[in-house]
Amino acid sequence: MGRTTAWTNWARTERAWPVRVERPDSVGAVQRLVRAAAGAGLPIKAVGAGHSFTGIAVAPGVLLELGDLSGLVRVDRERSRVTLRAGTRLHDIPRLLEPFGLAMPNLGDIDRQSVAGAISTGTHGTGMAFGGIATQVVGVTMVTADGELLTSDAEQEPGLLPALALGLGALGILVEVTLQCVPAFVLRAVEQPEPLDELLPTLLDRAAAVDHFEFYWFPHTATALTKTNHRLPGDAPTQPLRPVAKWVDDTLLANGVYRVLCNTGVVAPAIVPRVNRLADRLVGDREFTDRSTRVFTTSRTVRFVEMEYAVPLEHLPTAFARIRALIEERGWRISFPIEVRVAAADELWLSTASGRATGYVAVHRFFREDPGEYFRAVEAIMTELGGRPHWGKLHGRDASSLRGAYPRFDEFVRLRDRLDPGRLFGNRYLARVLGE
Ligand SMILES: Cc1cc2nc3c(=O)[nH]c(=O)nc-3n(C[C@H](O)[C@H](O)[C@H](O)COP(=O)(O)OP(=O)(O)OC[C@H]3O[C@@H](n4cnc5c(N)ncnc54)[C@H](O)[C@@H]3O)c2cc1C
């Protein structure tokens with residue numbers, strides 16, 4: 004059987020040569036493809052937008068591309084719930100929800116991902132009272148290894164939902180996802196530079212006082228770029244960024260000029276601190292009000308690699324301080340910012356916020372730079388603080404060390420053994436983090 008052309012993820016950290024690429028356009032087609040793959044002894048895996056930095060989406064056998072399995076299945080207006088086909092991209096959802104006056108309650112930094120991919124790795128945004136996208140899931144329908152359909156929601160198999168809603172792609176192929184939405188709302192965004200040393204002592208109070216708080220810090224600078232979003236009713240007057248201003252800020256300055264600066268930093272690391280001080284001035288300091296999705300998400304065109312760790316919320320200030328000290332001690336020149344966010348505790352078995360209010364610290368490097376030493380040293384700090392790595396972002400942990408980080412890890416592994424004993428949905432990454 005001939006190999007197809009290579010698949011690669013967004014960050015160019017992973018490559019795969021699947022035996023076949025299939026584009027099913029119906030649930031029945033997914034079922035037939037799963038049965039055929041099982042019959043042929045080939046592993047099968049759905050990929051979303053390929054935005055995971057880890058090899059979690061690598062499909063060595065049959066790669067299912069679900070672009071044709073997207074869109075709205077049904078709307079439950081009474082309960083503000085929508086059922087979407089699993090391949091639906093997040094950026095298409097606002098248009099689908101608009102006629103019903105609904106919105107997703109929270110989002111991450113971008114909206115390129117598929118809904119199934121985003122929930123499967125625990126994609127999250129920020130906000131003390133808000134969980135990641137998978138916490139919005141109130142029902143899923145999945146094709147299991149025997150080609151049958153398994154639905155889990157409040158009525159059918161409710162006990163499985165906290166595993167299936169954030170299943171790392173290890174349990175089956177999701178074909179439908181039902182989300183609990185909220186009435187459409189507006190966000191007032193305040194983005195501003197602040198002295199880092201003044202922010203840090205009050206970090207948790209600051210985050211608790213508003214709906215959505217996060218900050219970026221460019222290493223080698225003394226400034227934090229804070230982002231605060233306040234939720235307002237859907238009929239609140241908006242004052243969006245003018246399209247040209249938005250393009251200049253988000254694309255030209257935050258992405259275009261920054262790409263040039265990063266490339267320069269690769270060949271001349273000594274200039275990185277100066278570049279970062281300049282980058283500090285290029286972004287931030289603006290206020291606007293717009294529909295929620297237009298505020299939560301931005302575009303990221305400068306390619307980077309990322310590791311993100313979740314620690315118990317109370318350890319967040321220590322985690323950040325230790326990473327800051329580490330960078331200074333080692334004398335590294337780090338051109339990409341560190342991002343700090345928060346989330347509410349949830350009940351999903353493999354969520355990075357499972358059972359505890361959580362603080363997130365994400366470290367990045369330009370994709371042309373080797374992240375190895377930096378990420379390993381940060382990982383050691385975060386592991387010591389009880390950290391859990393984002394499933395879709397680079398990390399070096401394996402099943403033996405992750406088992407202790409998740410109280411329900413073994414329960415998940417047992418469910419995987421039951422649903423996929425032959426590892427039809429397996430790959431090398433899953434073997435590492437969940438066991439063979
Ligand atoms: C620029 C950028 C910004 C990002 N910002 C954030 C952020 O703000 N917050 C955050 O938490 N993360 C963020 N991420 C990480 C990203 O959200 C996750 O890695 C997410 O999983 C990517 O979604 P995807 O559709 O690309 O899925 P993929 O990476 O293609 O797949 C992820 C997993 O989902 C599985 N999967 C996909 N479809 C199905 C299906 N139908 N059934 C079963 N399993 C399925 C795949 O097999 C794989 O295991 C960012 C990544 C990038 C590159």
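Be aware that the sequence shown starts at 4, since it is given in the numbering used here, and climbs by one per residue. We put the CB at the ideal spot given by N, CA and C, even for glycine.
Note down the Cα distance separating residue i from residue j, rounded to an integer number of angstroms.
| i | j | result |
| --- | --- | --- |
| TYR219 | GLU17 | 27 Å |
| ASP401 | VAL436 | 4 Å |
| ARG303 | LEU422 | 37 Å |
| LEU174 | LEU427 | 9 Å |
| ALA347 | ASP114 | 21 Å |
| ASP349 | ALA168 | 12 Å |
| PRO424 | PRO340 | 42 Å |
| MET4 | VAL22 | Low per-residue confidence applies at MET4: pLDDT is 46, beneath 50, and the placement is therefore not dependable enough to give any value. |
| GLN183 | LEU351 | 15 Å |
| GLU194 | ASP288 | 5 Å |
| LEU316 | GLU201 | 19 Å |
| LEU87 | PHE412 | 28 Å |
| ASP293 | THR386 | 38 Å |
| THR129 | ASP214 | 9 Å |
| THR355 | ALA121 | 13 Å |
| PHE216 | GLN242 | 20 Å |
| LEU199 | GLY334 | 19 Å |
| GLU158 | ASP373 | 48 Å |
| GLU68 | GLY90 | 8 Å |
| ALA9 | ALA19 | 5 Å |
| PRO196 | LEU153 | 49 Å |
| LEU405 | VAL178 | 28 Å |
| ALA119 | GLY172 | 9 Å |
| THR57 | LEU433 | 10 Å |
Under a three-way DSSP split, which group does residue i fall into?
| i | result |
| --- | --- |
| PRO222 | coil |
| HIS233 | strand |
| ILE59 | helix |
| ASP349 | strand |
| ARG18 | strand |
| PHE291 | strand |
| ARG92 | strand |
| GLY53 | coil |
| ARG344 | strand |
| GLU160 | coil |
| SER404 | helix |
| PRO108 | coil |
| THR296 | helix |
| ARG115 | coil |
| ILE337 | coil |
| PHE428 | coil |
| GLU101 | helix |
| PHE372 | Note on identity: in this sequence residue 372 is Glu, with Phe being the wrong assignment. Here GLU372 sits in coil by DSSP. |
| ALA173 | coil |
| LEU202 | helix |
| TRP10 | strand |
| ALA356 | coil |
Between which two residues does the alpha helix (DSSP H) harbouring residue i extend?
| i | result |
| --- | --- |
| ALA365 | No alpha helix (DSSP H) contains ALA365, which is instead part of the beta strand (DSSP E) from 361-369. |
| VAL33 | 30-43 |
| SER123 | 118-123 |
| GLU414 | 412-422 |
| ALA324 | 319-333 |
| VAL78 | Careful: VAL78 lies outside any alpha helix (DSSP H), inside the beta strand (DSSP E) at 75-79. |
| VAL436 | 431-437 |
| LEU167 | 164-167 |
First and last residue of the beta strand (DSSP E) that includes residue i?
| i | result |
| --- | --- |
| ARG191 | 188-198 |
| MET145 | 140-146 |
| TYR495 | The structure shown has nothing for residue 495, since the chain only spans 4 to 439. |
| ARG26 | No beta strand (DSSP E) holds ARG26; DSSP gives it neither H nor E. |
| GLU376 | Taken as a continuous stretch (DSSP letters only), GLU376 belongs to no beta strand (DSSP E), being part of the alpha helix (DSSP H) at 375-387. |
| SER155 | 152-156 |
| LEU182 | 176-183 |
| LEU505 | No answer is possible for residue 505: it lies beyond the span of the chain, which begins at 4 and ends at 439. |
| GLU1 | One cannot answer for residue 1 here, as it falls past the ends of the chain, which runs 4 to 439. |
Does the stretch 146-158 come into contact with the stretch 79-87, if we say contact requires no fewer than three beta-carbon pairs (one atom in each stretch) closer than 8 Å? no
The stretch 82-101 / the stretch 220-232 touching (three or more Cβ pairs under 8 Å): Short answer: they don't touch.
Just checking, does the stretch 322-337 make contact with the stretch 362-369 on the three C-beta pairs under 8 Å criterion? yes
Would you check if there are 3 or more beta carbon pairs closer than 8 Å linking the stretch 155-170 to the stretch 135-145? yes
Kindly confirm or deny that the stretch 22-39 and the stretch 404-419 touch, where touching means at least three C-beta pairs closer than 8 Å. No, because fewer than three Cβ pairs between the stretch 22-39 and the stretch 404-419 fall closer than 8 Å, the two stretches do not touch.
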